[in-house]
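For reference, the structure is listed below as structure tokens.
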Amino acid sequence: MIVAVIGGGAAGFFAAISAKTHFQDANVVLFEKSAKVLAKVKVSGGGRCNV
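Position in the sequence shown (from 1) plus 4 gives the number in the working numbering.
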């Protein structure tokens with residue numbers, strides 16, 4: 005199984021982690037249009053995320 009997650013923000017990042025946790029044999033691929041994932045989390049809150 006291949007799981008594609010679109011968006012490397014907090015929701016996409018945690019969706020990818022959750023997918024891999026629940027489907028350990030799956031290939032989880034995270035797609036992000038910018039060069040860095042979690043960029044907004046790093047900018048706001050000193051690296052902490054209120055999810």
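Beta carbons: idealized from backbone N, C-alpha and C, even for Gly.
Where residue i sits in the DSSP three-state scheme
| i | result |
| --- | --- |
| PHE17 | helix |
| VAL33 | strand |
| ALA8 | strand |
| LYS44 | helix |
| ALA1 | In the structure as shown, the chain starts at 5 and stops at 55, and residue 1 therefore has no counterpart that could be examined. |
Per-residue burial, residue i [other beta carbons within 10 Å of its own, 16 or more giving buried]
| i | result |
| --- | --- |
| PHE27 | exposed |
| ALA39 | exposed |
| ALA20 | buried |
| VAL9 | buried |
| PHE17 | buried |
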